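Below you'll find the structure, written out as structure tokens, and then a few comments.
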């Protein structure tokens, strides 16, 4: 009877979807975050965030150290990268005190070999200190691009429609006091 | 056991859960790092104490990260690298490898994780993420863990040779430079 109490110590959130989403990434817009739309039906488990029918954002419940990971199955769907710049950013953004920034992120550089196929982009587990009331959200952004990428896609191949197009895990690993200015 | 004792046990357990902390280590560089244009030579990406985000399982002394107690661990790492040159033809290429190494330059040296990346024409001045996927490894107390880069001799053009240029750097639009995670599993 007491063990479930202990089990609650590690609050976590897990999300997984096979749904498709499209993005338009433009050169010179590296400060614009394109947020991945999330659906409450696709939450695998959640003991971390307060989520009800009206919830629109994932709000950090308490100060602490959080471990964040994410996975994107992404296709630039283009032929314009060729021998041009193809740097795209993938990650989890923190919105706190009016500042939007990646707290966990991976840079993927596309070239002529993978500009028109799906790649798996992983944000491996990253530990960060987050403050209570910070909002966290998965996002994609233009990093350093030579050309506009229209209709980039998070999704799955026709042959494997139920792949994981996007997943994200966040867990509170310590409620110890801390501070982190740079991520 | 009386009612008061049960309450005491409950308070103890709730208190205990409040202090539950994962046995992990996470470090990321907050400074960009210069690489030398020396193919085949291992170059260490050094961290500093200020780079530590979270540490329950290692000691960080004199630039060395050492494991505090033996066990099974999961290790992973990344570095964002921009060669900083243009290249002149589609045949040009720059190949690099990123390594996570145990006890470098000692008899017990072991590569714990490795990844290769080929920069191609058009992207020699664009940062690419080199990632070492989480891998389960056995580590002993006092094992030293470090992150290294090697430019492969198959590269046919130089990286930016300016001593002022830092190749391991923040990609445009994000601030992450290089990092390493160690989690104690058992």
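Chains as they are written, first to last, in our numbering: chain A, 6 to 188; chain B, 56 to 241.
Just so you know, even glycine gets a beta-carbon here, dropped at the ideal spot from N, CA and C.
The structure displayed is predicted, hence computed values, not measured ones.
Burial state of residue i (16 or more Cβ within 10 Å)
i: residue 132/A; result: buried
i: residue 232/B; result: buried
i: residue 89/A; result: buried
i: residue 151/B; result: buried
i: residue 240/B; result: exposed
i: residue 160/B; result: exposed
i: residue 128/B; result: buried
i: residue 8/A; result: For residue 8/A, the predicted structure reports a pLDDT of 43, less than 50, and the residue's modelled location is therefore unreliable. The matter cannot be settled from this model.
i: residue 13/A; result: Note that residue 13/A has pLDDT 44, beneath the 50 cutoff, so the model's placement of it is unreliable and the number below is only indicative. Residue 13/A should be labelled exposed.
i: residue 201/B; result: buried
i: residue 103/A; result: exposed
i: residue 236/B; result: buried
i: residue 72/A; result: buried
Where the beta strand (DSSP E) through residue i begins and ends
i: residue 106/A; result: 104–114
i: residue 141/A; result: 140–150
i: residue 47/A; result: From DSSP, residue 47/A is part of no beta strand (DSSP E); its letter is neither H nor E.
i: residue 170/B; result: 165–175
i: residue 70/A; result: 69–80
i: residue 168/A; result: Unbroken run through residue 168/A: none, as it is neither H nor E.
i: residue 125/A; result: 124–135
i: residue 42/A; result: Run containing residue 42/A: none; DSSP gives neither H nor E here.
i: residue 159/B; result: Element bounds for residue 159/B: n/a, residue is neither H nor E.
i: residue 187/A; result: Neither: residue 187/A is in no beta strand (DSSP E) and is coded neither H nor E.
i: residue 183/B; result: 183–194
Residues near residue i by beta carbon distance below 8 angstroms, same chain, minus five either side
i: residue 72/B; result: Because the pLDDT of residue 72/B is 47, which lies under 50, any placement of that residue in the model is unreliable, and the number read from its coordinates should be weighed accordingly. So the list is empty, once near-sequence residues are dropped.
i: residue 182/A; result: 68
i: residue 170/B; result: 152, 153, 185, 186, 187, 188
i: residue 180/B; result: 137, 138, 139, 140, 141
i: residue 244/A; result: Residue 244/A is absent from the model: chain A starts at 6 and stops at 188.
CB of residue i within 7 angstroms of CB of residue j, strictly
i: residue 74/A; j: residue 183/B; result: no
i: residue 63/A; j: residue 141/A; result: yes
i: residue 238/B; j: residue 121/B; result: no
i: residue 176/A; j: residue 17/A; result: yes
i: residue 120/A; j: residue 159/A; result: no
i: residue 185/B; j: residue 153/B; result: yes
i: residue 155/B; j: residue 187/B; result: yes
i: residue 99/A; j: residue 147/A; result: no
i: residue 230/B; j: residue 188/A; result: yes
i: residue 92/B; j: residue 221/B; result: no
i: residue 127/A; j: residue 76/A; result: yes
i: residue 125/B; j: residue 195/B; result: yes
Residues of its chain near residue i, where Cβ-Cβ distance is below 6 angstroms and the 5 sequence neighbours each way are ignored
i: residue 134/A; result: 70, 183, 185
Own chain residues within Cβ distance below 7 angstroms of residue i, not counting five before or after
i: residue 33/A; result: none
i: residue 174/B; result: 138, 148, 149, 183
Interface residues of the region 84–104 of chain A facing chain B [CB-CB below 8 angstroms]: Within the region 84–104 of chain A, the residues whose Cβ lies closer than 8 angstroms to some Cβ of chain B are 86, 87, 88, 89, 90, 91, 92, 94, 96, listed in chain order.
Given a limit of 8 angstroms on CB to CB distance, which residues of the region 18–42 of chain A reach chain B? Within the region 18–42 of chain A, the qualifying residues are 35, 36.
For the region 153–186 of chain B, which residues have a beta carbon sitting closer than 8 angstroms to at least one beta carbon of chain A? For the region 153–186 of chain B, the beta-carbon criterion of a distance under 8 angstroms to any beta-carbon of chain A is satisfied by 174, 175, 176, 177, 178, 180, 181, 182, 183, 184, 186.
Beta carbons nearer than 9 angstroms to chain B: which residues of the region 132–145 of chain A have them? Flagged, chain order: 132, 133, 134.
Note down, in chain order, all residues in the region 214–226 of chain B with a beta-carbon under 7 angstroms from any beta-carbon belonging to chain A. Result list: 226.
Please identify, using Cβ separations under 7 angstroms, the residues of the region 175–186 of chain A that lie next to chain B, in order along the chain. Correct list: 178, 179, 180, 181, 185.
Between the region 130–151 of chain B and chain A, which residues of the former have CB atoms less than 8 angstroms from a CB of the latter, in chain order? Within the region 130–151 of chain B, the qualifying residues are 131, 133, 135, 145.
Which residues, in order along the region 82–112 of chain B, keep a beta-carbon less than 7 angstroms from a beta-carbon of chain E? Any reference to chain E falls outside this structure, whose protein chains are A and B.
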